[in-house]
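For reference, the structure discussed in these notes is given below.
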Amino acid sequence: MGSIFTAAPPQSGPGYSFKQTPTTVPEGTRQHGFYPYTDNGGSTLGITGADFAILAGDTRSTSGYNINTRFAPKLFKVGGADSRIVLSVVGFAADGLALKERLDTIVKMYRYQHGKPMSVAACAQRLSHILYQKRFFPYYVTAILGGLDEEGKGALYSYDPVGSYEREQCRAAGAAASLIMPFLDNQVNYKNQYVLGSGEGHALQARERELLPRKDVEELVQDAFSSAVERHIEVGDGLQMFIITKDGIEEIYKPLKLD
Amino acid sequence: MFRNNYDSDTTTFSPQGRLFQVEYAQAAVGQGSIVVGAVSKSHAVLVALKRQAEELSSYQKKIIQIDSHLGIALSGLAADARVLSNFMKQQSMASHMTYDRPISIADISVRLCDRAQTHTQHAGSRPYGVGLLIAGVDGKGPHLFEFQPSGDAQEMVAASIGARSQAARTFLEDQVKEFESMDEATLITYTLRALIRSQPEDKVLSYDNTSIGVVGLEKSFKLLEGEEILEHVKRAYRLEGRAPEEYSENADEGGSME
Amino acid sequence: MNHLPQAWGRPRDDVYGPYNNSYLQTSGPSQHTQSPIVTGTSVLAIKFKDGVVIAADNLASYGSLARFTDVKRLLRFNSRAVIGFGGDVSDMQYLTRLLSSLEINENYSVTSSTELAANNLHTYLHKVMYKRRSDFNPLWNQILIAGLDVADNPYLASVDLLGTTFSSPTLATGFGAHLAVPIMRRVCPDEEAAKELTQEQAVETVRECMKVLFYRDARSLDKYSIAVVTKEGVDLKHGEKLEKQSWAFAEGIRGYGTQVN
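Protein chains in written order, with the UniProt record's numbering: chain A, 1 to 259; chain D, 1 to 258; chain W, 1 to 261.
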């Protein structure tokens, strides 16, 4: 009897990117078992400037080697139509959507109840709590939250799946994070860049950090993604960018390679 | 103080078939300051007169936004209205969450009624002491509902509840055929005129004591307060043929009307 | 011999040994679905300029056994949506009941403003599926929702047992995701192409894909349901037969034809 049940065609294999996914057949009686997560691939990143924040993500959604769709956004405005906060989620898409809806509801309720929009700092801490509350059955996503702080400066917060968070200048997440992040370290925070002719060895002077203008950041984002597309199969199809300034949220969509 | 033996709880009818506790709750609605609402083909409007409990206090909140397509105006116990508005916000949000669809105005009114009705049938609970005007836009256009503590809601073309609201209703009844074709500004002016008519001569609408809520087919709910309402109020007074000194042309020079 | 009534009709203990009652008891914790039992295979759908075409064959398999050959896996929901189910058939039947009670409630309610559109239905099903997966009690299906959205534009989206959702001009579940999607994407690569596609082209593509699936998917059938959803309503046909099959290609493939080696 057991063999008849297990001979049913596999519905969808577990995603192959998560390390936790079982890859070997368990010993003894074969049971299908239910694994409540999958990896939908894709990558996101966020960079801030003096008076803006940019969040970006590709629009491909995958299951294993299949492309589910070429347009599945990972970027969401949070808190209604006149929002100045953007959430990006990458990992397990269903959890990402659930997380976005919970945060969206909370920010909207805050607005109704207090008659003013929630600050990014408050929203960021609330998001951390939401993630931490599900510590033992986590939302399997890497979130990045972007907006403008109370002084009007670009603000960016990055998270792990269980709510640990910090404010940063830039962050890449998702499938191609390990490809994009070193590039950002070098190009945004000038890591491993030194002042020409400042000396040798310990005498080398690190190049001074500066806040990048918007145009440069947009180009960096473009380069980061078109490079990631070349080297990672789960990244591609389209690039969506949300640019948050005091005047609102501007959306840019650009095609990426479909292969 | 008891009117008779049948008014100490909501589960006992009087021999005449009345529930006195419910009627007292409705009396509380009549004590609140007046709110007026009206609908046209394209818009739904709420206006309210805000009371100041005492000279040193702020003005009470009379209009509450529930969702981007819907808001309420209240008369009666403000605390009860807060509870009901939270309930409505939850219901509205739930509709977005489960169906990705804004809740219909009739639907949310019925849910509100179902909740209010249970408080008219159980001993040890008291009816809500507040009446609401519910204005919003849904798939079938703009709507206005009048909600009563009895757990009853009625769809209206125009409505008014609260203290001295009869005068406003009389004015609205005269205009009943006109509302349908009115544009946003006209609709606001007419509801404000109803508000003016309900008040004694010496009581003047100001940007402190008046609020306006508007929602339209192509416009999400907006609460107007303070400076934003001045033009509308001036226009309403002009059409009423009255010009209180606050709004006279030379008010700045401290001049007054003859 | 035991003459007591509770022993009537039972196999005799002295001949067959005592009945093993342990089968009747549930020992250990209660279990949820760990794997699907009776399953349906692919569902295909493609958008065109005025609507959506969706198809699924009429087979329900019990493992490798072709168990039921007249199962309707497409469900019509009001006049603007059709739902196609892949995966466990009993879970499909549960969802069918859930959806018909939803439809009845909607139809009786005088207060709801507009008919539930395909996108509303998709959101609802997503919530149902995601809730069940979060309870570790999944409904073992992948579902396609085809129809018209609130603004009467063609709408096509998917939700699966994990609550994962996505939307695309062409979608297929199960084996179809491997075999049919590439064929469908050739005629309809993106939304712009879907706006140009005629109903005839869309239907033709889906029928062609059903044929390819019958050739290559061992758990498929040559009898299928196909539905077209447009502003005119739902045109749902059950028991369509695959036509113009050609098995000539099988001659040269070991294991397909009659030759043994």
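Glycine is no exception: its CB is placed at the ideal position from the N, C-alpha and C atoms.
Keep in mind it's a predicted model, so treat the numbers as computed, not measured.
Can you say whether F137 of chain A is buried or exposed, counting buried as having 16 or more other CB atoms within 10 angstroms of its CB? To locate residue 137 of chain A, count along the first sequence from 1; it is residue 137. Classification for F137 of chain A: exposed.
Closer than 8 Å to chain D by CB, A8 of chain A: On the first sequence, position 8 is the one that residue 8 of chain A refers to. Because the pLDDT at A8 of chain A is just 40, under 50, the model does not fix this residue reliably, and the value given afterwards should be weighed accordingly. False, the Cβ-Cβ gap to chain D never drops below 8 Å.
By alpha-carbon positions, which one of W:F214, W:G63, W:V71, W:K237 ends up nearest to Y256 of chain W? Along the third sequence, read from residue 1 onward, the residue named residue 256 of chain W stands at position 256. Comparing Cα positions, the closest option is W:F214.
Closest by CA to T164 of chain W, which one among W:R185, W:V187, W:L139? Along the third sequence, read from residue 1 onward, the residue named residue 164 of chain W stands at position 164. Of the candidates W:R185, W:V187, W:L139, the one whose C-alpha sits nearest the C-alpha of T164 of chain W is W:L139.
Determine, using beta carbons only, whether G76 of chain D comes closer than 8 Å to chain W. The residue labelled residue 76 of chain D in the question sits at position 76 within the second sequence. With 8 Å as the cut-off, G76 of chain D does not count as an interface residue toward chain W.
Beta-carbon proximity list for Y110 of chain A, same chain, < 7 Å, skipping 5 on both sides: To locate residue 110 of chain A, count along the first sequence from 1; it is residue 110. Cβ within range, chain order: M118.
Coarse secondary structure for G91 of chain A, derived from DSSP in three states: The count along the first sequence starts at 1 and reaches residue 91 of chain A at position 91. Note: G91 of chain A maps to strand in three-state DSSP.
In the structure shown, what three-state DSSP assignment does R111 of chain A receive? Position 111 of the first sequence, counting from 1, holds the residue named residue 111 of chain A. Helix, per DSSP.
Can you check the region 90 to 149 of chain W for any beta strand (DSSP E) of at least 3 residues that lies completely inside it and give the ranges in chain order? Look at the region 90 to 149 of chain W and you find these whole runs of beta strand (DSSP E), each 3 residues long or longer: 141 to 148.
Three-way DSSP call (helix, strand, coil) for A7 of chain A in this model: Start at 1 with the first residue of the first sequence, and residue 7 of chain A comes out as number 7. Interpretation of A7 of chain A is limited by its pLDDT of 37, a score under 50 that renders its predicted location unreliable; the figure taken from the coordinates is listed afterwards. Of the three classes helix, strand and coil, the one that applies to A7 of chain A here is coil, per DSSP.
Taking a contact to mean a Cβ-Cβ separation below 8 Å, would you say G80 of chain A touches R214 of chain A in this structure? Mapped onto the first sequence, residue 80 of chain A falls at position 80. Mapped onto the first sequence, residue 214 of chain A falls at position 214. No, these two residues do not count as a Cβ contact at 8 Å.
How would you list, in chain order, the residues of chain A whose beta-carbon sits under 8 Å from the beta-carbon of K89 of chain D? Within the second sequence, the letter at position 89 stands for residue 89 of chain D. Neighbours of K89 of chain D on chain A, chain order: M109, Y112.
Which residues in chain W have a C-beta closer than 7 Å to the C-beta of D100 of chain D? List them in chain order. Along the second sequence, one-based indexing puts residue 100 of chain D at 100. Here the neighbours are N119, N120, T123.
Tell me, please, whether the region 82 to 100 of chain D touches the region 25 to 44 of chain D by the rule of three or more beta-carbon pairs shorter than 8 Å. no
Is the distance from the Cβ of L179 of chain W to the Cβ of V206 of chain W below 8 Å? What you label residue 179 of chain W is simply residue 179 of the third sequence in a count that begins at 1. What you label residue 206 of chain W is simply residue 206 of the third sequence in a count that begins at 1. No, Cβ-Cβ distance for L179 of chain W and V206 of chain W is not below 8 Å.
Contacting residues, own chain, Cβ-Cβ under 7 Å from D138 of chain D (five flanking each side not counted): Residue 138 of chain D sits at position 138 when you count from the first residue of the second sequence. For D138 of chain D, where only same-chain residues beyond five positions count, the Cβ hits under 7 Å are H69, P102, S104, I105.
Members of the region 131 to 157 of chain W that neighbour chain A once the beta carbon cut-off is set at 8 Å: Per Cβ criterion, the list reads R133, S134, F136, P138, W140, Q142.
Taking Cβ positions only, does G176 of chain W come closer than 8 Å to chain A? Along the third sequence, read from residue 1 onward, the residue named residue 176 of chain W stands at position 176. Nearest CB-CB separation between G176 of chain W and chain A: not below the 8 Å threshold.
With burial defined as no fewer than 16 other Cβ atoms inside 10 Å of the residue's Cβ, what is the status of I196 of chain D: buried or exposed? What you label residue 196 of chain D is simply residue 196 of the second sequence in a count that begins at 1. It is buried - the Cβ of I196 of chain D has at least 16 other Cβ atoms within 10 Å.
For K241 of chain W, would you say it is in contact with chain D, using Cβ-to-Cβ distances shorter than 8 Å as the test? Stepping through the third sequence from its first residue, residue 241 of chain W is reached at position 241. Not one chain D Cβ lies under 8 Å of K241 of chain W.
CA-CA distance, D39 of chain A and V141 of chain A? As a working mapping, residue 39 of chain A is identified with position 39 in the first sequence. As a working mapping, residue 141 of chain A is identified with position 141 in the first sequence. Cα to Cα, D39 of chain A sits roughly 9 Å from V141 of chain A.
Can you list, in chain order, the residues of its chain with a C-beta nearer than 8 Å to that of G216 of chain D? Leave out the 5 residues immediately preceding and following it. Here the question's residue 216 of chain D lines up with position 216 in the second sequence. Excluding residues up to 5 positions away in sequence, S42, H43, A44, V137, P142, E184 lie with their Cβ nearer than 8 Å to the Cβ of G216 of chain D in the same chain.
Would you verify that the beta carbon of G226 of chain D is, or is not, closer than 8 Å to some beta carbon of chain W? Residue numbering aside, residue 226 of chain D sits at position 226 when the second sequence is read from its first letter. False, the Cβ-Cβ gap to chain W never drops below 8 Å.
For K127 of chain W, decide whether its Cβ has a neighbour in chain D, counting only Cβ atoms nearer than 8 Å. What you label residue 127 of chain W is simply residue 127 of the third sequence in a count that begins at 1. Taking Cβ atoms only, chain D reaches closer than 8 Å to K127 of chain W, which makes this a yes.
Quick one: is A151 of chain W buried, meaning 16 or more other Cβ sit within 10 Å of its Cβ, or exposed? The sequence position of residue 151 of chain W within the third sequence is 151, counting from 1. Classification for A151 of chain W: exposed.
What in chain A is Cβ-close to E65 of chain D, meaning under 7 Å? The sequence position of residue 65 of chain D within the second sequence is 65, counting from 1. It is Gln, not Glu, that sits at residue 65 of chain D in the sequence shown. Residues of chain A passing the Cβ test: Y112.
Going by the CB atoms, is the gap between D190 of chain W and P169 of chain W shorter than 8 Å? Residue mapping note: residue 169 of chain W aligns to position 169 of the third sequence, counting from 1. Residue mapping note: residue 190 of chain W aligns to position 190 of the third sequence, counting from 1. Yes.
Grab the span of the beta strand (DSSP E) containing V130 of chain D for me, first residue to last. The sequence position of residue 130 of chain D within the second sequence is 130, counting from 1. Here the beta strand (DSSP E) through V130 of chain D covers 130 to 138.
Report whether the distance from the Cβ of Y110 of chain A to the nearest heavy atom of the ligand GDP is below 7 Å. Only the bare structure without any ligand can be found here, which leaves the ligand GDP out of the picture.
Within chain W, the residues that G33 of chain A reaches when beta carbons sit closer than 7 Å: The sequence position of residue 33 of chain A within the first sequence is 33, counting from 1. Residues of chain W passing the Cβ test: Q34.
Would you mind reading off the limits of the alpha helix (DSSP H) that contains P36 of chain A? Here the question's residue 36 of chain A lines up with position 36 in the first sequence. From DSSP, P36 of chain A is part of no alpha helix (DSSP H); its letter is neither H nor E.
Are any of the Cβ atoms in chain A nearer than 8 Å to that of T165 of chain W? In the third sequence, residue 165 of chain W corresponds to position 165, counting from 1. Interface residue, yes.
For the putative contact between T69 of chain A and S42 of chain W, defined by C-beta atoms under 8 Å, what is the C-beta separation to the nearest angstrom? The residue given as residue 69 of chain A occupies position 69 in the first sequence. The residue given as residue 42 of chain W occupies position 42 in the third sequence. Not really, about 17 Å apart at Cβ, beyond 8 Å.
Taking M97 of chain D as the query, report the chain A residues whose CB atoms sit under 9 Å from its CB, ordered along the chain. In the second sequence, the residue the question calls residue 97 of chain D occupies position 97. E101, T105, listed in chain order.
Whether Q121 of chain D touches T11 of chain D by CB criterion (8 Å): Counting from one through the second sequence, the residue named residue 121 of chain D turns up at place 121. Counting from one through the second sequence, the residue named residue 11 of chain D turns up at place 11. Yes, these two residues count as a Cβ contact at 8 Å.
Name the DSSP beta bridge partners of P154 of chain W, please? Locating residue 154 of chain W in the third sequence gives position 154, counting from the first residue. W:L148, per the DSSP bridge assignment.
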